[in-house]
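For reference, the structure is listed below as structure tokens.
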Amino acid sequence: MLDKIEHTKQVFITELQKVVTLQDLEQVRIKFLARSGEIAVLFEGMKTAAISEKPALGKALNELRQCTQAQFDEKKSSLEQTAKPKEVPFDLTLPGRPKPIGTKHPVVQVMEEMKRIFISMGFSVETGPDIESDYYNFGALNFAPDHPARDMQDTIFIADKILLRTHTSPVQIRVMEKQQPPVRAIMPGWAYRNEATSARSLVAFHQIEGLYVDHGVTFSELKGTLVAFAKQFYGSSIKYRFRPSFFPFTEPSAEMDITCFICGGKGCRVCKHSGWLEVLGSGMVHPHVFQAVGYDPEKYSGYAFGMGIERTAMLRYNIDDIRILYENDVRFLKQF
Ligand code: DAH
Numbered sequence: 003m004l005d006k007i008e009h010t011k012q013v014f015i016t017e018l019q020k021v022v023t024l025q026d027l028e029q030v031r032i033k034f035l036a037r038s039g040e041i042a043v044l045f046e047g048m049k050t051a052a053i054s055e056k057p058a059l060g061k062a063l064n065e066l067r068q069c070t071q072a073q074f075d076e077k078k079s080s081l082e083q084t085a086k087p088k089e090v091p092f093d094l095t096l097p098g099r100p101k102p103i104g105t106k107h108p109v110v111q112v113m114e115e116m117k118r119i120f121i122s123m124g125f126s127v128e129t130g131p132d133i134e135s136d137y138y139n140f141g142a143l144n145f146a147p148d149h150p151a152r153d154m155q156d157t158i159f160i161a162d163k164i165l166l167r168t169h170t171s172p173v174q175i176r177v178m179e180k181q182q183p184p185v186r187a188i189m190p191g192w193a194y195r196n197e198a199t200s201a202r203s204l205v206a207f208h209q210i211e212g213l214y215v216d217h218g219v220t221f222s223e224l225k226g227t228l229v230a231f232a233k234q235f236y237g238s239s240i241k242y243r244f245r246p247s248f249f250p251f252t253e254p255s256a257e258m259d260i261t262c263f264i265c266g267g268k269g270c271r272v273c274k275h276s277g278w279l280e281v282l283g284s285g286m287v288h289p290h291v292f293q294a295v296g297y298d299p300e301k302y303s304g305y306a307f308g309m310g311i312e313r314t315a316m317l318r319y320n321i322d323d324i325r326i327l328y329e330n331d332v333r334f335l336k337q338f
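Shown next as structure tokens:
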């Protein structure tokens with residue numbers, strides 16, 4: 003009987019070692035530890051044993067029961083541990099969350115495209131300060147002392163004779179002051195006007211200025227450059243015209259119109275039924291401007307031009323309210 007007990011213990015140990023799953027373990031429990039399992043049968047057998055053997059048998063059986071139960075419990079808890087899904091900090095199988103890729107603002111896109119075209123024609127890019135003096139913004143550009151643009155109603159003043167530049171033209175003066183001809187530069191940047199915000203105007207907007215000064219620069223060079231620009235920027239099939247105009251810093255002055263590319267010149271809401279769109283102001287640099295920067299107007303001539311960037315973006319993308327450009331509405335911006 004003692005041999006049988008020892009044998010049962012050994013069989014139990016080998017079978018327990020083979021256990022891989024909780025189901026296997028249950029089979030072992032049924033075979034050995036259940037109410038009618040092998041160990042219970044051994045306890046039954048003790049009833050018929052000789053009285054003298056009973057104390058030793060009882061002890062051995064109790065030991066068997068305790069040691070098999072303890073091994074069983076240990077195995078069970080270790081299987082339960084591994085069966086439990088491990089707590090992972092994140093689920094590697096989840097698809098990634100896509101991060102929306104931003105796009106360049108339409109105003110930046112237009113500015114970069116303009117820069118690219120002028121750089122390809124040999125222009126350099128220059129900048130100047132947004133806060134200017136009356137002298138650079140007006141005086142050196144030949145604005146008469148009583149010119150209406152010098153009024154507080156049109157210009158944002160910061161202090162006496164200190165203002166936010168109303169156009170990028172003062173950068174022309176700064177470039178010519180520090181450099182002798184030939185000068186061939188474009189000057190993009192912010193400009194500010196003391197105006198009510200509306201569908202057509204903003205207090206702060208962008209312009210791009212152009213300047214070319216050398217010996218014998220002619221009006222036909224001005225036209226040739228601007229036409230080449232317009233064909234690259236707006237498309238080679240556009241038609242154009244130059245209309246006489248007035249700016250204090252150029253003489254003669256002209257505005258350039260192109261055929262409305264929305265209606266093809268037939269007349270629509272965008273071109274106000276004229277068939278033409280005004281795209282820029284230009285002219286031959288006024289001799290007074292050359293004198294202000296110390297260039298000899300007898301020796302040099304030059305042309306200048308300026309255009310609004312938001313305005314150009316509106317034309318190009320058929321936007322009818324300038325304010326939408328700065329509302330930062332992603333539904334609008336992601337179309338570009
Ligand atoms: N500064 C002018 C404006 O703000 C635009 C302009 C016109 C610039 C003619 C020029 C120019 O350089 O020659 O309306």
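Start counting the sequence shown at 3; every next residue gets the next number (our numbering).
Using N, Cα and C, we set each Cβ at its ideal position, and we do this for glycine too.
Here the structure is a predicted model, which is why all the values come from computation and not from measurement.
Does the ligand DAH have a heavy atom nearer than 7 Å to the CB of T252? The answer is yes for T252.
Hey, would you say L96 sits closer than 8 Å to L24, going by beta carbons? Inclusion of L96 and L24 in the CB contact set at 8 Å is not warranted, their separation being larger than that value.
From what residue to what residue does the beta strand (DSSP E) around F307 run? Element bounds for F307: S303 to G310.
Hey, out of T170, V185 and V291, whose CA is closest to G141's CA? Minimum Cα distance to G141 is reached at V291.
Helix, strand or coil: how does DSSP classify L1 here? Here the chain has residues from 3 to 338 only, and residue 1 is not among them.
Going by C-alpha to C-alpha distance, which of R152, N144, E89 and S203 sits closest to I326? Comparing Cα-Cα distances from I326 to each of R152, N144, E89 and S203, the minimum goes to S203.
With a cut-off of 8 Å on the beta carbons, I'd call F221 and M286 a contact; round off their distance for me. By a beta-carbon distance limit of 8 Å, F221 contacts M286. Their separation comes to about 6 Å.
Which runs of the alpha helix (DSSP H), 4 residues or longer, sit entirely within the stretch 82-163? Qualifying alpha helix (DSSP H) stretches, in chain order: 108-122 and 136-139.
Have a look at D323 and K106 and give me their C-alpha separation to the nearest angstrom. Looking at the two C-alpha atoms, the distance is approximately 19 Å.
Considering only heavy atoms of the ligand GTP, does any lie closer than 7 Å to the CB of V287? As far as ligands go, the structure on display features the ligand DAH and does not contain the ligand GTP.
Could you tell me if the beta carbon of S238 falls within a distance shorter than 7 Å of some heavy atom in the ligand DAH? The answer is no for S238.
Tell me the DSSP bridge mates of S247? Bridge partners of S247: S255.
Measure the CB-CB distance between Y305 and Y194 and report whether it falls below 8 Å. Y305 is not a Cβ neighbour of Y194, given a cutoff of 8 Å.
If we count the other Cβ atoms within 10 Å of its Cβ and call it buried at 16 or more, is I133 buried or exposed? I133 should be labelled exposed.
What is the rounded straight-line gap between the Cα of Q19 and the Cα of K49? Near 31 Å, if we compare the C-alpha coordinates of K49 and Q19.
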